[in-house]
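A.B. asks: The structure under discussion is supplied below as structure tokens; questions concerning it will follow.
Numbering (the UniProt record's numbering), first residue to last: 1 to 952.
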């Protein structure tokens with residue numbers, strides 16, 4: 001915008017655009033506002049003798065950092081990213097682009113499009129594999145390699161050599177240049193030539209001394225030969241332990257630490273203080289803020305104690321505020337600090353060789369409580385802010401970002417592995433005080449609103465001391481137990497409350513229990529252990545064990561209705577309507593690099609071993625021989641694949657001791673109507689390299705009804721056996737990798753296996769109890785219908801799911817027929833149903849011995865089901881024929897089904913021995929005694945529910 005002015009005018013305008021403390025240029029839309037900072041440096045050269053003040057004390061203070069983003073700026077950034085993405089995609093075709101306007105030059109632009117596709121996607125590959133192009137490319141590589149050899153052999157490169165290299169580099173790509181340089185270096189080293197260029201560069205960096213001219217060429221050569229034979233450093237003469245003892249004895253340190261200083265003396269201090277930081281999001285410049293995050297008084301202090309080789313980093317955050325969109329002349333507070341004013345909101349401390357601990361490193365994290373308030377308009381405005389109402393296509397940039405994240409992930413994993421191998425003792429302590437989330441009615445915080453409060457509880461994580469080191473008399477199990485870093489995790493007082501307008505829910509948070517509690521305070525205890533040894537088949541990498549003693553939910557009908565009304569009153573963000581035209585396909589196709597390999601060989605070589613051109617042709621002949629012998633190729637591939645050991649990645653054990661769901665009725669006080677109880681619900685899992693084994697169990701469940709005809713009587717609607725050690729329900733799941741070493745032996749060629757065992761359950765169908773429970777739930781639960789918008793989306797989603805399902809139906813011809821994809825085994829011992837009303841018992845139904853199995857293979861599907869016995873008894877004492885339904889024989893029925901997909905396709909259709917499926921059903925003798933009174937009692941029992949359903 002300044003290019004039409006003179007040079008002096010441009011400089012003057014640019015200078016006026018630089019902000020200062022007292023002057024801010026107008027009409028500037030900053031994303032990052034100007035930052036001002038001040039620094040102070042204090043150096044005491046005699047500090048190590050006085051030992052009173054630090055030798056270096058450096059403090060930096062930043063006044064304010066402000067980041068502001070508006071909707072036009074956000075859209076401009078998205079447009080910029082999309083433009084850059086299109087530039088990346090257009091890069092292969094840019095050299096064919098005509099420098100002409102589109103108007104009146106349609107022929108040349110069509111020629112540009114045709115030439116781009118032909119040259120990049122068609123002619124390039126045909127030209128690449130032509131013999132003339134290969135020979136020309138090899139000649140260029142050979143010439144560049146020879147020129148680069150001359151450059152390495154010469155102390156000073158001539159201009160002619162540099163020009164020749166530049167011309168060759170213009171004709172070659174980056175991969176070819178790197179390949180030729182690596183070959184040149186390897187060939188020079190093999191031939192015994194010295195890399196004078198590198199040596200001269202090192203000599204220039206080191207510099208020459210006063211006595212460099214006193215030595216002759218022959219003497220220097222003799223000295224070099226002696227240096228090659230003699231050890232050059234102290235590391236070659238002494239072990240690390242011996243070197244550490246020597247340095248401590250003489251008071252020397254090779255890491256610039258003065259070991260003679262006291263261990264408590266702090267020599268270097270660096271302080272960084274940030275007074276204010278804000279991040280603001282708004283729709284435009286002159287409108288209220290949609291979201292504003294403020295961080296007040298963020299400070300960091302780094303101190304060093306050279307005598308103990310210790311470093312301490314301490315970070316503190318005093319206040320943190322988040323405000324939302326202004327509404328009803330009030331700016332709502334979303335996040336606010338509510339902790340003690342004397343202590344910091346967040347404190348993080350990291351120290352090596354700490355004074356008050358025997359550990360090598362210590363990490364301490366402490367935080368004060370934070371109040372989080374849900375504001376519906378702010379959340380909806382934020383969702384709308386980041387919606388662009390158009391389909392964005394940033395595939396190339398997204399791919400690059402993901403690859404970079406994977407690289408960072410690999411580096412992080414490598415760093416963690418190094419920490420584990422060094423086996424530093426870490427003292428970890430994290431203490432987060434209870435913060436809570438407040439959800440107000442209508443999504444706006446007012447004093448006269450109802451509130452739903454979720455208290456996250458106190459979070460504590462501490463490292464567990466291993467005690468003394470194992471001795472020679474320690475058993476192998478104890479030694480393996482010491483080889484774990486153990487951590488203890490505790491979460492206390494997690495609770496959920498519902499408060500009406502005017503109720504003091506803040507006081508009720510600390511009253512256990514109270515009338516406002518929906519979820520009573522619960523605690524979670526988890527023990528985590530991480531192995532120091534990465535690869536040991538006897539040790540699991542991670543061990544996780546935990547328990548949850550009690551989950552108690554107590555809610556009344558009025559409270560449950562209020563919770564649903566509160567949730568329904570909160571406006572949710574609207575989904576953007578994106579037209580099919582806006583979700584456009586990429587205008588420029590993504591160009592994939594298909595140079596992945598040359599006849600199956602990798603393109604990028606890790607090590608270059610080539611001395612001549614013969615190896616190039618040997619690779620071709622070797623590849624052709626592999627193509628002619630598939631067995632040999634498979635053998636070489638099998639030898640090349642690394643053999644993985646079967647390691648244990650995770651051992652998990654978690655149990656919930658008791659779950660109580662209590663439904664009450666709000667009268668003068670809360671009266672319990674229904675109580676559902678679950679005892680000992682847990683799981684155990686083991687994850688190994690080639691398989692996963694998980695077991696879930698349920699010991700006991702019960703459902704009790706507490707009111708019969710206005711009287712307090714307890715009625716057991718669901719009950720089970722109290723036999724110790726017997727599980728009501730047990731589910732075992734096994735998933736195996738067919739490439740594992742034990743797939744055929746231990747897993748029976750089965751990829752997934754599920755075993756379900758159900759012992760016995762008693763169910764009581766009481767007329768009044770069931771009707772009262774249904775009336776209670778019907779009065780409380782809101783009736784919801786599917787909206788027109790959702791109903792319109794359901795068919796489209798169903799069509800999409802059917803299309804996805806049809807696309808996944810691809811037959812795998814090469815799949816092993818002996819491998820089972822899935823096996824299911826289910827067993828039910830007994831199931832008893834008692835039917836009664838408030839006057840008398842009606843019937844008893846018993847089902848015993850239900851077995852079933854399901855086998856899935858690529859070639860067939862097999863289903864088996866068998867029921868042993870079923871008895872329907874009339875429990876009336878005056879009845880002569882007690883058994884209304886009984887079995888005469890061994891079983892009720894036995895069912896077998898076998899399906900053979902694709903068995904009659906093609907030529908097999910005319911073969912009468914080939915079938916698509918077989919069905920076998922065997923039914924035993926069922927004895928039924930018709931009792932009119934008994935049948936009418938059952939019909940009357942069912943009619944009560946039909947009448948109640950019509951009344952609903």
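The C-beta atom is built at its ideal place from N, Cα and C for all residues, glycine as well.
Please determine if the region 829-840 and the region 754-763 are in contact, where contact requires at least 3 C-beta pairs separated by less than 8 Å.
C.D. replies: yes
A.B. asks: Pull up the CB-CB distance for residue 671 and residue 554, whole angstroms please, since I reckon it's below 8 Å.
C.D. replies: With 8 Å as the limit, residue 671 and residue 554 do not qualify as a contact, their Cβ atoms being about 12 Å apart.
A.B. asks: Among 375, 694 and 947, which has the Cα closest to the Cα of residue 755?
C.D. replies: 694
A.B. asks: Taking three-plus beta-carbon pairs below 8 Å as touching, is the region 875-889 in contact with the region 922-937?
C.D. replies: yes
A.B. asks: Within this structure, are the beta carbons of residue 677 and residue 660 separated by less than 7 Å?
C.D. replies: yes
A.B. asks: Alpha carbon to alpha carbon, what distance is there between residue 91 and residue 104?
C.D. replies: 25 Å
A.B. asks: With residue 437 and residue 374 assumed to form a contact (beta carbons below 8 Å), what rounded beta-carbon distance in angstroms separates them?
C.D. replies: 7 Å
A.B. asks: Based on the DSSP output, what are the partners of residue 776 in its beta bridges?
C.D. replies: In the DSSP output, where bridge partners are listed per residue, residue 776 has none listed.
A.B. asks: Please return the same chain residues whose Cβ sits closer than 6 Å to the Cβ of residue 825, not counting the five positions on each side in sequence.
C.D. replies: Same-chain partners within the cutoff: 755 and 853.
A.B. asks: Can you grab the Cα-Cα spacing for the pair residue 789 / residue 444, in whole Å?
C.D. replies: Here the model assigns residue 789 a pLDDT of 43, short of 50, so the residue's position is not dependable and the matter cannot be decided.
A.B. asks: Could you give the DSSP three-state label for residue 539: helix, strand or coil?
C.D. replies: Correct three-state label for residue 539: coil.
A.B. asks: For residue 141 versus residue 184, is the C-beta distance shorter than 7 Å?
C.D. replies: no
A.B. asks: Under three-state DSSP, which class holds residue 318?
C.D. replies: strand
A.B. asks: Residue 378: which of 297, 315, 300 and 282 sits nearest, CA to CA?
C.D. replies: 282
A.B. asks: With a threshold of 8 Å, are at least 3 pairs of Cβ atoms found where one atom belongs to the region 353-368 and the other to the region 304-323?
C.D. replies: yes
A.B. asks: Measure from the alpha carbon of residue 679 to the alpha carbon of each residue in 728, 653, 686 and 706, then state which is nearest.
C.D. replies: Among 728, 653, 686 and 706, the Cα nearest to that of residue 679 is on 728.
A.B. asks: Short of 6 Å in beta carbon distance, which residues of its chain neighbour residue 844, apart from the five on each side in sequence? Order them along the chain.
C.D. replies: 834, 873 and 875
A.B. asks: How many angstroms separate the CA atom of residue 449 from the CA atom of residue 486?
C.D. replies: Separation of residue 449 and residue 486 (C-alpha to C-alpha, rounded to the nearest whole angstrom) is 46 Å.
A.B. asks: Going by beta carbon distance, what residues of the same chain come within less than 7 Å of residue 319, once the five residues before and after it are set aside?
C.D. replies: 296, 297, 337 and 345
A.B. asks: First and last residue of the alpha helix (DSSP H) that includes residue 105?
C.D. replies: Taken as a continuous stretch (DSSP letters only), residue 105 belongs to no alpha helix (DSSP H), as it is neither H nor E.
A.B. asks: If you reduce the DSSP assignment to three classes, tell me which class residue 327 lands in.
C.D. replies: Strand, per DSSP.
A.B. asks: Can the beta-carbon of residue 524 be found less than 7 Å from the beta-carbon of residue 479?
C.D. replies: no
A.B. asks: By the 10 Å Cβ neighbour count, where 16 or more other Cβ atoms means buried, how is residue 125 classified, buried or exposed?
C.D. replies: exposed
A.B. asks: Below 8 Å, how does it come out for the region 913-921 and the region 885-900: are there three or more Cβ pairs, yes or no?
C.D. replies: The region 913-921 is in contact with the region 885-900.
A.B. asks: In the DSSP assignment, find the beta strand (DSSP E) that holds residue 851 and state where it starts and stops.
C.D. replies: 841-857
A.B. asks: For a test of the three-state rule: what should DSSP assign to residue 427, helix, strand or coil?
C.D. replies: In the structure shown, residue 427 falls within a strand segment according to DSSP collapsed to helix, strand and coil.
A.B. asks: Using 8 Å for Cβ pairs, my map puts residue 751 next to residue 819. What's the rounded Cβ distance?
C.D. replies: 7 Å
A.B. asks: Taking the beta carbon of residue 57 as the centre, do at least 16 other beta carbons fall within 10 Å, making it buried, or is it exposed?
C.D. replies: buried
A.B. asks: Nearest-angstrom Cα distance between residue 278 and residue 33?
C.D. replies: 10 Å
A.B. asks: DSSP on residue 552, reduced to helix/strand/coil?
C.D. replies: Residue 552 falls in the strand class under three-state DSSP.
A.B. asks: Do residue 674 and residue 705 have their C-beta atoms within less than 7 Å of each other?
C.D. replies: yes
A.B. asks: Taking the CB atoms as reference points, tell me whether residue 735 and residue 692 lie closer together than 7 Å.
C.D. replies: yes
A.B. asks: Could you name the residues of the same chain whose beta carbon sits closer than 6 Å to that of residue 300, not counting the 5 residues immediately before and after it, in chain order?
C.D. replies: 272 and 315
A.B. asks: Quick one: residues in its chain with C-beta nearer than 6 Å to the C-beta of residue 293, no 5 flanking neighbours on either side, listed in chain order?
C.D. replies: 279 and 322
A.B. asks: Please list the terminal residues of the continuous alpha helix (DSSP H) segment that includes residue 138.
C.D. replies: 131-153
A.B. asks: Which residues in the same chain have their Cβ closer than 6 Å to the Cβ of residue 544, if we skip the five residues on either side of it in sequence?
C.D. replies: 528 and 652
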